[in-house]
Amino acid sequence: MTPNERAAWLRTEIERHNVLYYVHDAPEIGDSEWDVMFHELKAIEDEHPELRTQDSPTQRVGVAPVSKFEPYRHGVPMLSLDNAFGEDELRAFDERIKRVLAIDVEVEYEAELKFDGLSMSLTYVDGVLQVGATRGDGISGEDVTTNARTVRGIPLRLQREMLGKLEVRGEVLMFKTVFETLNRDRVARSEQAFVNPRNAASGGMRQLDSRLTAERKLNFFAYGLGFADGQFREVHDQFALMQTLRTLGFPVREETRVCVGIDRLIEFVANVQQSRSRLPFGIDGVVIKVNNFDLQKELGFTARGPRWAVAYKFPAEQAFTILNGIENQVGRTGVVTPVAELEPVFVGGVTVSRATLHNYQEVLRKDVRVGDTVTVQRAGDVIPEVVGPVLEKRNPDSKVPRIPSVCPVCETPLIQQEGMVALRCPNSKGCAAQIQCKLQHFVGRNAMDIEGLGEKQIERYMNLNPPLLTDIPSIYGLKDHREILLSLERMGEQSVTNLLDAIEASKNRPLDRFLFGLGIRQVGDRTAGDLARTFGSLDGFMAATYDRLVLVPDIGPTTASEIEEWLELEENKKLIDALLKAGVVPTEPELPSGNLFAGQTVVFTGKLEKFKREDAEALVMRQGGKAAGSVSKNTSFVVAGPGAGSKLDKATQLGVQVMTEAEFLDMVPELMRNVE
DNA sequence: TTACCTCGAGCTCA
DNA sequence: CTCGAGGTAA
185 MTPNERAAWL RTEIERHNVL YYVHDAPEIG DSEWDVMFHE LKAIEDEHPE LRTQDSPTQR
245 VGVAPVSKFE PYRHGVPMLS LDNAFGEDEL RAFDERIKRV LAIDVEVEYE AELKFDGLSM
305 SLTYVDGVLQ VGATRGDGIS GEDVTTNART VRGIPLRLQR EMLGKLEVRG EVLMFKTVFE
365 TLNRDRVARS EQAFVNPRNA ASGGMRQLDS RLTAERKLNF FAYGLGFADG QFREVHDQFA
425 LMQTLRTLGF PVREETRVCV GIDRLIEFVA NVQQSRSRLP FGIDGVVIKV NNFDLQKELG
485 FTARGPRWAV AYKFPAEQAF TILNGIENQV GRTGVVTPVA ELEPVFVGGV TVSRATLHNY
545 QEVLRKDVRV GDTVTVQRAG DVIPEVVGPV LEKRNPDSKV PRIPSVCPVC ETPLIQQEGM
605 VALRCPNSKG CAAQIQCKLQ HFVGRNAMDI EGLGEKQIER YMNLNPPLLT DIPSIYGLKD
665 HREILLSLER MGEQSVTNLL DAIEASKNRP LDRFLFGLGI RQVGDRTAGD LARTFGSLDG
725 FMAATYDRLV LVPDIGPTTA SEIEEWLELE ENKKLIDALL KAGVVPTEPE LPSGNLFAGQ
785 TVVFTGKLEK FKREDAEALV MRQGGKAAGS VSKNTSFVVA GPGAGSKLDK ATQLGVQVMT
845 EAEFLDMVPE LMRNVE
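Going by the working numbering, the first residue of the first sequence is number 185, and it counts up by one from there.
Dropping the structure here:
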């Protein structure tokens, strides 16, 4: 046997034993025998580095660090599921399914554990793990392949021949026992312990050095399919898919069940909930999917996610703590928000010390008083909530919180608009809190993106005597105060230069970012983009009238009048003048250079050969068209490349014209294809 | 909202 | 070594 053959044999054999261990929980050999094989393989690879492969088990201990993670665009978006709390919402889900399918028989559901970890997309090409990526915003995540290779249970090579591309999805998580040992070790080395297994797992996947990821001993369970090159034609339901994934070498939990009808489903959910603490890892609910793929297809998707699945979340964990006080926070628009200051309490895996009380109507409705023992919970999402007071523990002398009559920061009398619950500080120009929020928004990442001007620095510069920052234009005056900046703590030559450079660089941000940065009410980054495209220039925008504004697609009467109001205010005109005087010249958006696609909405799906998708979309927009993300009846046509998935199905279903990339290119004269 | 990782740069002490 | 900022995840 040549070293090459021997190495290949060892690799297959080691992976087979890994699968027996991690997938089937039925090892055939002991740890020491496994070690012997592993070390022999390692020795061969060390001696003949050219024999080392990416799917070799030796890669599981990690490789040299990468410098950063590359963005990874998902071929099929990783959507999120709707949540359901309690039996009622589960029944409502079932009703909706039956209604949409127009059937009266019991639906077959597949129910699986909802792991408390982080989701991963694993792409295999010809059976070998090619890419492991995080979910990100669902459209694109990060390529963490080297880290993924160290996760036990993620097969580096599939157990069966499988030609073509395959994307499997699942969850990376840390077992409770691993978490405890890891923390014991960390404490022994006087390192900071992790707060919960989820964070330890999530942090592990964020390591640039995959050897450190390997030390976290992470696990993986598969739960679904992103994309398959047609390899799964024989598989017609989710449960069968899970079994097939298992035969391919993916760990799949045994708890997965098929439940016929909502009553069986609710029984199962209750069982899982009851026994969840006995599981070796954390879960936060049960994922329920309509089992049959044909029915799934029929149900389709909403804008948010699949209509055929729901995430049942366990009731939020609750804890008792003391309400130490109520802070009144003043936001960018002057709205005063009461925030509960809580005695820190560990609930739902984190320490909660603050929670919004939204408004005083809520405070009164809940009848919480300072000094009360209150119930706090962290519901399915991430926002902690004060549920209410524990009345038995109330001090009889406690007083109902007083609704502030003046701004806690600038002491201007607060106003309450007709029909609104919110209290507002009307001193938009002089209130330090509002100014600080406006500054933060203006320099923020989606606006002018001035690096080095964070919350702390803004606060610091505003509180100097005399203040360096007083309003938005004063940002551009910082360069005249180099000495003062240098005299501040932790501001050396380099920091000051970097800050001033970043401020200079922000002067030519695109118009849409600039408009967003102004913080006009109702104008988020989307609307700012619409405005920039419609009016083309700052002057154009400043001259906009209500009548013109309501004509902008996606801008309604409310937004239009907010913008009109903003434009009419003298102080805002002065603000723009001051910024222009300071040298701010927003870059005007590229106007459509043609009208080839005027009025058309184009959707790209699948992989494009000659174009990057963004470039193709930019081309459509330059030619006066709109590039949309999803197919609807308003779509003019769909350009489908290889690997097109649900969007293609949707297009066929709606009878929308579909063309190939080549056909699309034929529509575009050579000259117009150039991408600047 | 909280927790984690990474980076650049300033600060501190040898 | 420590801090602040920036990014990401749920």
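We put the CB at the ideal spot given by N, CA and C, even for glycine. Given the structure is predicted, the values throughout are model-derived calculations rather than measurements.
Local conformation of residue i per DSSP, three classes
i	result
Glu748	helix
Ser589	coil
Phe725	helix
Gln600	strand
Gln238	coil
Met851	helix
Gln376	coil
Val786	strand
Gly466	coil
Glu845	helix
Val859	For Val859, the predicted structure reports a pLDDT of 40, less than 50, and the residue's modelled location is therefore unreliable. A value from the coordinates is still provided. Of the three classes helix, strand and coil, the one that applies to Val859 here is coil, per DSSP.
Val436	coil
Ser324	strand
Phe821	strand
Ala317	strand
Asp691	For clarity, residue 691 is Lys in the given sequence; the question names Asp instead. Three-state result, Lys691: helix.
Asn756	helix
Thr771	strand
Asn579	coil
Asn455	helix
Asn682	helix
Lys765	helix
Lys663	helix
Which residues DSSP lists as bridging residue i, in chain order
i	result
Gly408	Arg353
Pro741	The partner list for Pro741 (beta bridge, DSSP) is empty, contrary to what the question assumes.
Val312	Val309 and Arg341
Cys443	Tyr293
Leu607	Val520 and Gln600
Asp266	Val494
Arg562	Glu501 and Pro568
Ala811	Val786
Ser303	Glu355
Val736	Paired residues: none, contrary to the question.
Asn649	Answer by DSSP bridge pairing: none, since Asn649 is not bridged.
Asn403	Leu357
Span of the alpha helix (DSSP H), counted from its first residue to its last, around residue i
i	result
Thr718	Asp709 to Phe719
Glu635	It is not in any alpha helix (DSSP H) - Glu635 carries neither H nor E in the DSSP assignment.
Phe700	Leu695 to Gly701
Leu733	Tyr730 to Leu733
Phe363	Lys360 to Ala372
Phe423	Gln422 to Leu432
Gly214	Here Gly214 belongs to no alpha helix (DSSP H), and DSSP marks it neither H nor E.
Glu174	This structure gives no information on residue 174, because the portion of the chain shown stretches from 185 to 860.
Ser671	Arg666 to Ser671
Ala191	Pro187 to Tyr206
Cys621	Ala616 to Val627
Arg382	Pro381 to Met389
Ala332	Thr329 to Ala332
Leu396	Ser394 to Glu399
Assumed close pair residue i, residue j - CB separation to whole angstroms, cut-off 8 Å
i	j	result
Glu355	Met304	7 Å
Val786	Val815	Actually they do not touch by this definition, with Cβ atoms about 10 Å apart.
Gly509	Val558	That belief does not hold up - the Cβ atoms of Gly509 and Val558 are roughly 12 Å apart, past 8 Å.
Asp468	Lys298	6 Å
Asn512	Ala606	Actually they are not in contact, since the Cβ atoms of Asn512 and Ala606 sit about 12 Å apart, beyond 8 Å.
Pro522	Leu541	4 Å
Phe423	Asn383	With a Cβ gap of about 32 Å, Phe423 and Asn383 do not count as contacting.
Thr505	Val560	6 Å
Residue i beta carbon near the ligand SAM (any heavy atom closer than 7 Å)
i	result
Leu648	Ligands in the displayed structure: none, and consequently the ligand SAM is not present.
Residue interval of the beta strand (DSSP E) (run including residue i)
i	result
Pro256	One point to set straight first is that residue 256 is Tyr, not Pro, in the sequence displayed. Run containing Tyr256: Glu254 to Arg257, per the beta strand (DSSP E) assignment.
Glu569	Pro568 to Pro573
*Could you name each continuous beta strand (DSSP E) segment of 3 residues or more that falls completely within the region 472-560, going from the start of the chain to the end?*
Qualifying beta strand (DSSP E) stretches, in chain order: 493-497, 501-514, 519-531 and 534-540.
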